[in-house]
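Undergrad:
Okay, structure coming up:
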């Protein structure tokens, strides 16, 4: 609170130096962890992105659903769509629905496309707990491999106006 | 030796209107005094509004209670964010800037008219934002107002008014310092607390300009003048404002920490260079943090995210870790040199725990670092963010930083502002003694409840998670912990507001007669000036206890951080 003495530029004490060194080493470790995981880890944030428009993306989703629909969900009436492993699969976010219901095979890789028709949405796959931001105008491609099977819920976790909490979808892994 | 009186004596001239503070011997400019009072009152008003919203929101998210309907929940959540994260904190910081740039420098307020203009704009902006959110159902767009969600144009205008008002106030801070220097009101370097506030002010300038870059186009877009506004660009600009704004809070809070430590224990900074370097690290690196909010956004590369989210090389984190040592160490040396030398922690046992300024300092530091800091660095790690983004772990983190940290420190500081600046006797002192503990413990539970719920996938900003259908039974328990914690914190908040109101509204104007409120009649600020170099360097006074504390902190940090990598490694493969 008070003005320091005239010459305050003094060498640090031994204890300060010790802590500064330890803290700095820890910071370097924190920094290195991200590239290390990027090259060696199996869970990385997708970066592949394409510009799109709601119209273009909507058309792609419709074509995809038409080609690969295998059934209909009784509760919601939404199509259940199953594309062969390795292919591009499409999920559409809009107020307040995830469309369609994707059916995947465990241990197989898919290119999952995500985009929004209107507001920001949040792709939150539960209980796997993978969370990605979904924006209108951006076709975000996540290359995923399910490592567990069952029925999973897709929650919207980006606020998208008053019906936000009702925006719940489904994903099936066999 | 640090001195209390101005190094160059100066005589009162026509421009000066000040009183002498009997406690600190500092000169208090009367413009500054009125500005501090006005800003502090608005801060408490906004805290009260935001606090009422907090209570109702928490009682809704506590699934067993589930009080509000969806529309009111989202509306009050928007209000809560604006009143707390912006209005309460920024008003308080503006009071701090007026204080730091004049009183602590023995200087006059050189631009009071400009400062009142800033205050007026902030007040209009803040109240207008509240009114718009309460009246217009379409303006429940949350504090972050992501386009293309479209609020009423007045919503954006209120942000702009508030931000420009704040910017004007920040400018008066710089004017005051330049004028004080030119008029020789102080010599040599700025005091550490003012140096820290200067860091906050520089960060605030940058932050507010970036806020304009985000909100002005949104304002034009909401009126139809601008046809489209890219949602990704908006998010980048908005968090260029939203995240650094929290770093302004950080720098201001750390400055207040140093002030509280000096006022309640009488510390001398262990090494001015060390502490100032830590502030400089904030200045250079902390603004990269806007990337924290965009880690799982489309369109950005790994390199961009990793460099930015790590503040280049966690150098801003290094700054905080330096303060985390420097402040306890200064406390330890001061207490040891007064004879509390027993063992590693004898000094801590003999610290003034009943003094609200001290308890709020310690609780604020502990909760900020151990909960807020550790979770923040962890969830700000690029890959780990996939497990966390937009879950309740996020508000769990920032309630530990901004509420348990900043708000608690500001609350503790208020108790000294009342006698010294309002010149009113602090009433309900026994409440003030317990208030930091009640509030701190409540916020600890709130954060833990949120973090553990978020770990189980519970989304933030969500009225009813039972729709998700996947929520395990334990979520009921963790959400109840959050709810109970929030109730306790609200009790602490009511205690705070009551103490402040009773103190400033009743009783006569009274010059303060004592600095400490509950723990004695000595004056730690005067005592701090008597700490000699020999005492600071005495072997027996060395801060060994603090070193143990920071190492314990590092161990906890490592455990939490690494266990999150382990959790990430167990989820689906994704790239």
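Protein chains in written order, with this note's numbering: chain A, 2 to 175; chain B, 15 to 589.
Beta carbons are placed, not taken as given, at the ideal position from N, Cα and C, and that holds for glycine.
Taking C-alpha atoms, which residue in B:234, B:330, B:324 lies nearest to residue 291 of chain B?
TA: B:330
Undergrad: Check this for me: beta carbons of residue 222 of chain B and residue 300 of chain B, under 8 Å apart or not?
TA: no
Undergrad: Within the 8 Å Cβ cut-off, does residue 16 of chain B reach chain A?
TA: Only weak support exists for where residue 16 of chain B lies, its pLDDT of 43 falling under 50; the value from the coordinates is given anyway. It does; some Cβ of chain A falls within 8 Å.
Undergrad: With a cut-off of 8 Å, does the C-beta of residue 41 of chain A fall near any C-beta of chain B?
TA: no
Undergrad: Could you pull the DSSP bridge partners for residue 114 of chain A from this structure?
TA: A:91, A:142
Undergrad: So residue 7 of chain B and residue 178 of chain B are in contact, right, with Cβ under 8 Å, and what is the actual spacing, rounded?
TA: Not covered by the structure: residue 7 of chain B. The range shown for chain B is 15 to 589.
Undergrad: Are the beta-carbon atoms of residue 319 of chain B and residue 396 of chain B separated by less than 8 Å?
TA: yes
Undergrad: Express the C-alpha separation of residue 242 of chain B and residue 53 of chain A in angstroms, rounding to a whole number.
TA: Residue 53 of chain A and residue 242 of chain B have their C-alpha atoms some 14 Å from each other.
Undergrad: Which residues of chain A have a Cβ atom closer than 9 Å to the Cβ of residue 286 of chain B, listed in chain order?
TA: Within chain A, the residues near residue 286 of chain B are 5, 6, 9, 10, 11.
Undergrad: Establish whether the CB of residue 86 of chain A and some CB of chain B are separated by less than 8 Å.
TA: no
Undergrad: What did DSSP end up calling residue 177 of chain A once you bin it into helix, strand or coil?
TA: Because chain A is modelled from 2 through 175, residue 177 of chain A falls outside the range shown and cannot be assessed.
Undergrad: Pull the bridge partners of residue 170 of chain A from the DSSP assignment, please.
TA: Residue 170 of chain A is bridged by DSSP to A:155.
Undergrad: Among the residues of its own chain, which have a CB less than 7 Å from the CB of residue 157 of chain B, if the five just before and after it don't count?
TA: 92, 95, 96, 99
Undergrad: Residues of the segment 60-79 of chain A in Cβ contact with chain B at a cutoff of 9 Å, in chain order, please.
TA: none
Undergrad: Residue 340 of chain B to residue 289 of chain B, Cα distance in whole Å?
TA: 7 Å
Undergrad: Which of the residues in the segment 144-171 of chain A, read from start to end, lie with their CB under 7 Å from any CB of chain B?
TA: 144, 145, 146, 147, 148, 154, 156, 158, 159, 160, 162, 163, 165, 166, 167, 169
Undergrad: Does the distance from the C-beta atom of residue 338 of chain B to that of residue 383 of chain B stay below 8 Å?
TA: yes
Undergrad: Nearest by alpha-carbon distance to residue 328 of chain B: which of B:356, B:46, B:394, B:209 is it?
TA: For residue 328 of chain B, the nearest C-alpha among the options comes from B:394.
Undergrad: For residue 282 of chain B, count neighbouring C-beta atoms within 10 Å of its own C-beta (all shown protein chains included) and say buried if the count is 16 or more, exposed if not.
TA: That one is buried.
Undergrad: What does the Cβ neighbour count give for residue 237 of chain B, buried or exposed, with the cut at 16 atoms within 10 Å?
TA: exposed
Undergrad: Please report the Cβ distance between residue 481 of chain B and residue 167 of chain A, rounded to the nearest whole angstrom; I am assuming they are in contact, meaning their Cβ atoms lie under 8 Å.
TA: 6 Å
Undergrad: Classify residue 311 of chain B as helix, strand or coil using the three-state DSSP reduction.
TA: coil
Undergrad: Taking the straight line between their C-alpha atoms, what separation do you get for residue 21 of chain B and residue 225 of chain B?
TA: The pLDDT assigned to residue 21 of chain B is 46, lower than 50, so where the model puts this residue is not dependable, and the model offers no usable value.
Undergrad: To the nearest angstrom, how far is the alpha carbon of residue 239 of chain B from that of residue 400 of chain B?
TA: One C-alpha to the other measures close to 36 Å.
Undergrad: Below 7 Å CB to CB, which residues in the same chain sit around residue 114 of chain B once its five sequence neighbours on both sides are set aside?
TA: Excluding residues within five positions, the ones whose Cβ falls inside 7 Å are 207, 208, 211.
Undergrad: Assign residue 160 of chain A to one of three DSSP states: helix, strand, or coil.
TA: coil
Undergrad: Quick one: is residue 156 of chain B near chain A, going by C-beta distance under 8 Å?
TA: yes
Undergrad: Report the residues of the segment 75-99 of chain B with a CB closer than 7 Å to any CB of chain A, ordered along the chain.
TA: 84, 85, 88
Undergrad: Alpha carbon to alpha carbon, what distance is there between residue 137 of chain A and residue 375 of chain B?
TA: Taking the straight line from one Cα to the other gives about 45 Å.
Undergrad: Just checking: is the beta-carbon of residue 94 of chain A within a distance shorter than 8 Å of some beta-carbon in chain B?
TA: no
Undergrad: Note down, in chain order, every chain A residue with its Cβ under 7 Å from the Cβ of residue 481 of chain B.
TA: 166, 167, 169
Undergrad: Out of B:428, B:355, B:65, B:472, state which residue places its alpha-carbon closest to the alpha-carbon of residue 409 of chain B.
TA: B:472
Undergrad: What residues from the segment 548-569 of chain B come within 7 Å of chain A, judged by C-beta to C-beta, listed N to C?
TA: 556, 557, 561, 564, 568
Undergrad: When the Cα atoms are used, what is the spatial distance from residue 426 of chain B to residue 111 of chain B?
TA: Whole-angstrom Cα-Cα distance: 17 Å.
Undergrad: Within 8 Å of any Cβ in chain A, is that where the Cβ of residue 150 of chain B sits?
TA: no
Undergrad: With a CB to CB cut of under 6 Å and the five nearest residues on each side skipped, what residues in its chain are close to residue 17 of chain B?
TA: Below a pLDDT of 50, predicted positions are generally treated as unreliable, and residue 17 of chain B, at 46, falls in that range; the measurement from the model is reported next regardless. So no residue of the chain qualifies.
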